[in-house]
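Asks: Just passing along the structure, written as structure tokens.
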Amino acid sequence: MRLRHLILLLCLPALATAREYVDYVNNRIGNISHLLVPTFPTAHLPNSMLRMNPAHNEFVTDRMDGLPLNVPSHRQGHVLLLQPYCGSPENVASAGNYRYDHETTTPYRYDVYLDDHGVALTFVPAARAGLFDLTYEQDGERYVVLSTCAKGELNHSGNILSGYEDFRGTKHYFYLVFDCMPTEIKAIPTNGGRQRLAVHFGDKTKNVRVRYGISYIGVEQAQRNLEKEIKDFRTKPLIERARQAWNQALGKIQIKGGTEDEKVVFYTALYRSHERMINISEDGKYYSGFDGEIHADEGVPFWTDDWIWDNYLALHPLQILLNPKAESEKLASYLRMYEHSGWIPTFPCVFGDAHCMNGNHAAVMFADALCKDIPFDVEKAAQAMKHTVLNESMIPWYRGPKTEIDDFYHKHGWYPALHPGEKETNPHVNNFEQRNAVAVSLAASYDDWAIARLFRHLGNDSQYKFFNDRAYNYRHVFNKKTNFFHPKDSAGNFIEPFDYIFSGGVGARAYYDENNAWTYNWQLQFNVADLIELFGGNQPFVDKLDRLFVEGLQRSKWQYYAVHPDATGNVGQFVMGNEPSFHIPYLYNYAGQPWKTQKRIRMLMESWFRNDLMGICGDEDGGGMSAFYVFSAMGFYPVTPGLPIYSIGSPLFEQTSMRLDNGKVFTVKARGASRENKYIQSARLNGIPWDKTWFHHDDLINGGTLELEMGPRPCHQWGTSPQAAPPSFDM
Numbered sequence: 000m001r002l003r004h005l006i007l008l009l010c011l012p013a014l015a016t017a018r019e020y021v022d023y024v025n026n027r028i029g030n031i032s033h034l035l036v037p038t039f040p041t042a043h044l045p046n047s048m049l050r051m052n053p054a055h056n057e058f059v060t061d062r063m064d065g066l067p068l069n070v071p072s073h074r075q076g077h078v079l080l081l082q083p084y085c086g087s088p089e090n091v092a093s094a095g096n097y098r099y100d101h102e103t104t105t106p107y108r109y110d111v112y113l114d115d116h117g118v119a120l121t122f123v124p125a126a127r128a129g130l131f132d133l134t135y136e137q138d139g140e141r142y143v144v145l146s147t148c149a150k151g152e153l154n155h156s157g158n159i160l161s162g163y164e165d166f167r168g169t170k171h172y173f174y175l176v177f178d179c180m181p182t183e184i185k186a187i188p189t190n191g192g193r194q195r196l197a198v199h200f201g202d203k204t205k206n207v208r209v210r211y212g213i214s215y216i217g218v219e220q221a222q223r224n225l226e227k228e229i230k231d232f233r234t235k236p237l238i239e240r241a242r243q244a245w246n247q248a249l250g251k252i253q254i255k256g257g258t259e260d261e262k263v264v265f266y267t268a269l270y271r272s273h274e275r276m277i278n279i280s281e282d283g284k285y286y287s288g289f290d291g292e293i294h295a296d297e298g299v300p301f302w303t304d305d306w307i308w309d310n311y312l313a314l315h316p317l318q319i320l321l322n323p324k325a326e327s328e329k330l331a332s333y334l335r336m337y338e339h340s341g342w343i344p345t346f347p348c349v350f351g352d353a354h355c356m357n358g359n360h361a362a363v364m365f366a367d368a369l370c371k372d373i374p375f376d377v378e379k380a381a382q383a384m385k386h387t388v389l390n391e392s393m394i395p396w397y398r399g400p401k402t403e404i405d406d407f408y409h410k411h412g413w414y415p416a417l418h419p420g421e422k423e424t425n426p427h428v429n430n431f432e433q434r435n436a437v438a439v440s441l442a443a444s445y446d447d448w449a450i451a452r453l454f455r456h457l458g459n460d461s462q463y464k465f466f467n468d469r470a471y472n473y474r475h476v477f478n479k480k481t482n483f484f485h486p487k488d489s490a491g492n493f494i495e496p497f498d499y500i501f502s503g504g505v506g507a508r509a510y511y512d513e514n515n516a517w518t519y520n521w522q523l524q525f526n527v528a529d530l531i532e533l534f535g536g537n538q539p540f541v542d543k544l545d546r547l548f549v550e551g552l553q554r555s556k557w558q559y560y561a562v563h564p565d566a567t568g569n570v571g572q573f574v575m576g577n578e579p580s581f582h583i584p585y586l587y588n589y590a591g592q593p594w595k596t597q598k599r600i601r602m603l604m605e606s607w608f609r610n611d612l613m614g615i616c617g618d619e620d621g622g623g624m625s626a627f628y629v630f631s632a633m634g635f636y637p638v639t640p641g642l643p644i645y646s647i648g649s650p651l652f653e654q655t656s657m658r659l660d661n662g663k664v665f666t667v668k669a670r671g672a673s674r675e676n677k678y679i680q681s682a683r684l685n686g687i688p689w690d691k692t693w694f695h696h697d698d699l700i701n702g703g704t705l706e707l708e709m710g711p712r713p714c715h716q717w718g719t720s721p722q723a724a725p726p727s728f729d730m
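Mapping of the sequence shown onto numbering that gives the first Met the number 0: position 722 corresponds to residue 721, and the numbering continues sequentially without gaps.
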């Protein structure tokens, strides 16, 4: 008996410190940006309608405006600030602009101390509701101020506040309950249509708890959401439910091996891959910002908040694997948006289509889902995409009918570029964003390729041929003399003279977008084989790819980044910090030198994805960059969304297992994997020797095991034959 007790006592410390999946998440990673927008320490449930992050920008500040009841759309602003106050009544209007300290953040809980008011605060999320727990630690009159950030309406009755804030034309409703009765509630005068209420609790109240629900349908629905999700003011049960929700989501991928920091970076990336899209159905109904109406969802929830330019590359392919049912609902939501507005959106948000960047890569999202057996209405999607790409303008950041520039593209096959100093004649072209002429041409080629796949599935040969032929339009802007995709004017002449690093203004936007020609030279994910052919074969292709990673900035850093602020995470002219670069390191697999993919991927993960405040090198964009890391750390990546294949890289962990919705498990075993052992020596797929640098989606979704023997030196035999390269264009 004593021996058993001794063994139990020895085991207790280990049991007490056992970490669950969510405990590996550090949502401080990236809270200091390299140049542009940082990540945020968001507290929420996976893909939930309610998200909360504090109203301050970067970690290095010690000031915040308050705690928002919700962040309706990623990086688009927040609504309804909760602003505690402790002090003299005549100064209650000054609530906000807090100095804060002891900020502790997790996916399921947020804690902070507001210095000047002596208030300790805890927040815990539910899906459409939240709870704040406030403790007043210094003397003074205790208040809770609620402020709209824009126009709105605030009402009160007893211990209940309700109303809405107008968020970009969409009403964001709320219903809020205090756990104690206020002594007084009064309005604070404001300017510009903002509303503020000061809720007074006297000078004796030590704790005030606040629970609230949100809605896009109405106050009554916000109340129903609250009563369904948070029935009382207890924080512990709510924290435990939130932890369970995150452990369930994160536990779909299990890893063995690696360092503690690598595990933290991995599960943090997986956490960030569950921030968007969001499910905004409420009791079988949803509000659509695309027509301003409330609709019945007929059993299929409505999802929104997606930046497809950022997320079609990695986030949607990852969610196909992790949450295929939800991905099917997202596709149905895009088709509903089309029904409500007449266009397939590019950046759907709760208020409608923000319509940013270039291309309409919802086409690729549909094609990727089709080839991976995610159910949706293919006929409706094909017709909707056809209507959108042929009738809506391709001008970046402009949402409207096509113009004469678009007609030129449809007739000639390239977006016409302007010469430096040439005056823009189209009034819809944004002076800052400009035409993105090459980027638009390449994006349209990919989108047409994807639409062709939809029509081929439907057996519509004429429409398949029409869009498939247009998929080759990228050839019009390839300059064979320089082996670059090069802007061409309306007369068919390449713009000369031309600097492939700096021409095109800020972000090279006259011709490319956020990145220069060195990045856009590889934007042919759907036909890498033809890109290699355009370059003149494998060796010229590899030589140019090698040069990408060593080509200098050509100017001092401050001068370079003044022109290319989005191009963070540089390795030569390669830009890890921006989405168009994600697939580029995997392209060596297509040209017979896979060991270079393995080397580059490891170097990029180790350099730019770290467990620290600056551990993400660019705009994370609500899951886009994180999904790239999740895939790459597992050891494979979907270079071509729209083809059911994955390109093999270099797994970070000795074993990764993905638990699929169909009950199967796909496992990657990388024997001996370590920082030194990053090169594949040999491979087996389900026990069969495997010399290909890719595998099929069916190999993954049906369960199985990819076994890799890892070593410290490149293997120049594995995966180098022409037959080993991943397929291009078609399977």
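Built from N, CA and C at the ideal position, the CB exists for glycine as well.
Mind checking who residue 132 pairs with in its DSSP beta bridge?
Replies: The residue you call residue 132 lines up with position 133 of the sequence shown. For residue 132, which the question treats as bridged, DSSP gives the partners 121, 208.
Asks: Compare the Cα-Cα distances from residue 20 to each of 74, 86, 247 and report the closest residue.
Replies: In the sequence shown, counting from the first residue as 1, residue 20 sits at position 21. Cα-wise, what sits closest to residue 20 is 247.
Asks: Considering only C-alpha positions, which residue in the set 107, 543, 693, 198 is nearest to residue 41?
Replies: Numbered from its first residue, the sequence shown carries residue 41 at position 42. The shortest C-alpha separation from residue 41 is found at 107.
Asks: May I ask whether a heavy atom of the ligand COA can be found less than 7 Å away from the beta carbon of residue 140?
Replies: Within the structure as shown, the ligand COA is missing, as the structure has no ligands at all.
Asks: Does DSSP put residue 11 in a helix, in a strand, or in coil?
Replies: Within the sequence shown, the letter at position 12 stands for residue 11. Model confidence at residue 11 stands at a pLDDT of 41, short of 50, so the residue's coordinates are unreliable and nothing is read from them.
Asks: Any chance you could list the alpha helix (DSSP H) runs of at least 4 consecutive residues sitting entirely within the stretch 562-595, in chain order?
Replies: Complete alpha helix (DSSP H) runs here, min 4: none at all.
Asks: Tell me residue 80's beta-bridge partners as DSSP assigns them.
Replies: Start at 1 with the first residue of the sequence shown, and residue 80 comes out as number 81. Per DSSP, 67, 146.
Asks: DSSP three-state label for residue 369, please.
Replies: Counted from its first residue, the sequence shown places residue 369 at position 370. Helix, per DSSP.
Asks: Check whether the Cβ atoms of residue 238 and residue 123 sit closer than 8 Å, and answer yes or no.
Replies: Looking up residue 238 in the sequence shown gives position 239. Looking up residue 123 in the sequence shown gives position 124. Cβ distance < 8 Å, so residue 238 and residue 123 count as in contact.
Asks: Along the chain, which unbroken stretches of the beta strand (DSSP E) at least 3 residues long are found entirely within the stretch 279-343?
Replies: Listed in chain order, the complete beta strand (DSSP E) runs (minimum 3 residues) inside the stretch 279-343 are 284-287, 292-295.
Asks: Using CA coordinates, which residue listed in 380, 263, 303, 654 is at the minimum distance from residue 455?
Replies: Looking up residue 455 in the sequence shown gives position 456. Comparing Cα positions, the closest option is 380.
Asks: Just the C-alpha distance for residue 634 and residue 594, rounded to the nearest angstrom, thanks.
Replies: For this step, residue 634 is matched to residue 635 along the sequence shown. For this step, residue 594 is matched to residue 595 along the sequence shown. Rounded to the nearest angstrom, the two C-alpha atoms are 13 Å apart.
Asks: Can you give me the Cβ contacts of residue 274 inside the same chain, cut-off strictly under 8 Å, excluding the 5 residues immediately before and after it?
Replies: Stepping through the sequence shown from its first residue, residue 274 is reached at position 275. For residue 274, where only same-chain residues beyond five positions count, the Cβ hits under 8 Å are 41, 43, 46, 50, 73, 621, 622.
Asks: Cβ atoms of residue 486 and residue 510: under 8 Å apart, would you say?
Replies: Position 511 of the sequence shown, counted from the start, is the residue given in the question as residue 510. Position 487 of the sequence shown, counted from the start, is the residue given in the question as residue 486. Yes, Cβ-Cβ distance for residue 510 and residue 486 is below 8 Å.
Asks: Run through DSSP, which three-state label would residue 197 get?
Replies: Start at 1 with the first residue of the sequence shown, and residue 197 comes out as number 198. Strand at residue 197.
Asks: Taking the beta carbon of residue 113 as the centre, do at least 16 other beta carbons fall within 10 Å, making it buried, or is it exposed?
Replies: Numbered from 1 along the sequence shown, position 114 holds the residue referred to as residue 113. Buried, because 16 or more other Cβ atoms sit within 10 Å of the Cβ of residue 113.
Asks: Count the other CB atoms within 10 Å of the CB of residue 161; is the residue buried (16 or more) or exposed (fewer)?
Replies: Locating residue 161 in the sequence shown gives position 162, counting from the first residue. Burial call: buried.
Asks: Looking at the unbroken alpha helix (DSSP H) that takes in residue 270, where does it start and where does it end?
Replies: Taking the first residue of the sequence shown as 1, we reach residue 270 at position 271. Element bounds for residue 270: 259-271.
Asks: Go through its chain and collect everything with a Cβ distance to residue 30's Cβ below 8 Å, but skip five positions before and after it.
Replies: Residue numbering aside, residue 30 sits at position 31 when the sequence shown is read from its first letter. For residue 30, where only same-chain residues beyond five positions count, the Cβ hits under 8 Å are 37, 38, 39, 40, 57, 58, 612.
Asks: Could you check the C-alpha separation between residue 444 and residue 411 for me, to the nearest Å?
Replies: Residue 444 sits at position 445 when you count from the first residue of the sequence shown. Residue 411 sits at position 412 when you count from the first residue of the sequence shown. Their Cα atoms are separated by approximately 13 Å.
Asks: How about residue 347 and residue 305: do their beta carbons lie closer than 8 Å?
Replies: For the purposes of this step, residue 347 is taken as residue 348 along the sequence shown, with counting starting at 1. For the purposes of this step, residue 305 is taken as residue 306 along the sequence shown, with counting starting at 1. Result yes, Cβ atoms of residue 347 and residue 305 sit closer than 8 Å.
Asks: Just to confirm the assignment: which complete alpha helix (DSSP H) runs, minimum length 4, are found wholly within the stretch 633-701?
Replies: The qualifying runs are 696-700.
Asks: Whole angstroms are fine: how far does the CA of residue 478 sit from the CA of residue 488?
Replies: In the sequence shown, the residue the question calls residue 488 occupies position 489. In the sequence shown, the residue the question calls residue 478 occupies position 479. Spanning the two alpha carbons is a distance of roughly 13 Å.
Asks: How many angstroms separate the CA atom of residue 315 from the CA atom of residue 361?
Replies: Within the sequence shown, numbered from 1, the residue matching residue 315 stands at position 316. Within the sequence shown, numbered from 1, the residue matching residue 361 stands at position 362. Cα to Cα, the separation comes out at about 10 Å.
Asks: Are the beta-carbon atoms belonging to residue 565 and residue 614 less than 8 Å from one another?
Replies: Residue 565 sits at position 566 when you count from the first residue of the sequence shown. Residue 614 sits at position 615 when you count from the first residue of the sequence shown. No, they are not a contact pair.
Asks: Whose CA, out of 340, 592, 627, lies closest to the CA of residue 575?
Replies: On the sequence shown, residue 575 is found 576 positions in, with the first residue counted as 1. Cα-wise, what sits closest to residue 575 is 627.
Asks: Could you give the distance in angstroms between the alpha-carbon of residue 383 and the alpha-carbon of residue 143?
Replies: As a first step, residue 383 is located in the sequence shown; it is residue number 384 there, counting from the start. As a first step, residue 143 is located in the sequence shown; it is residue number 144 there, counting from the start. If you take the alpha carbons of residue 383 and residue 143, they lie about 48 Å apart.
Asks: Helix, strand or coil: how does DSSP classify residue 382 here?
Replies: The residue labelled residue 382 in the question sits at position 383 within the sequence shown. Correct three-state label for residue 382: helix.
Asks: Can you list, in chain order, the residues of its chain whose CB lies under 8 Å from that of residue 653, leaving out five sequence neighbours each side?
Replies: As a position in the sequence shown, residue 653 is number 654, starting the count at 1. Excluding positions up to five away in sequence, the list reads 255, 256, 257, 668, 669, 670, 671, 672.
Asks: Would residue 187 and residue 155 be called neighbours here (beta carbons separated by less than 8 Å)?
Replies: Locating residue 187 in the sequence shown gives position 188, counting from the first residue. Locating residue 155 in the sequence shown gives position 156, counting from the first residue. Result no, Cβ atoms of residue 187 and residue 155 do not sit closer than 8 Å.
Asks: Quick check on DSSP: helix, strand or coil for residue 347?
Replies: The count along the sequence shown starts at 1 and reaches residue 347 at position 348. Of the three classes helix, strand and coil, the one that applies to residue 347 here is strand, per DSSP.
Asks: Among 79, 116, 374, which one has its Cα closest to the Cα of residue 88?
Replies: Position 89 of the sequence shown holds residue 88. Ranking 79, 116, 374 by Cα distance to residue 88 puts 116 first.
Asks: Since residue 199 and residue 140 should fall inside the 8 Å C-beta cutoff, what is the C-beta to C-beta distance between them, to a whole number of angstroms?
Replies: What you label residue 199 is simply residue 200 of the sequence shown in a count that begins at 1. What you label residue 140 is simply residue 141 of the sequence shown in a count that begins at 1. Indeed, because the Cβ distance is near 7 Å, the residues count as touching under 8 Å.
Asks: Are three or more beta carbon pairs between the stretch 680-687 and the stretch 277-287 nearer than 8 Å?
Replies: Touching, no, given that fewer than three Cβ pairs across the two stretches are closer than 8 Å.
Asks: Relative to the C-alpha of residue 371, which residue among 645, 709, 94 is closest?
Replies: Numbered from 1 along the sequence shown, position 372 holds the residue referred to as residue 371. Answer by Cα proximity: 645.
Asks: Which word fits residue 513, buried or exposed, when buried means at least 16 other C-beta atoms lie within 10 angstroms of its C-beta?
Replies: Along the sequence shown, one-based indexing puts residue 513 at 514. Buried, since its Cβ has 16 or more Cβ neighbours within 10 Å.
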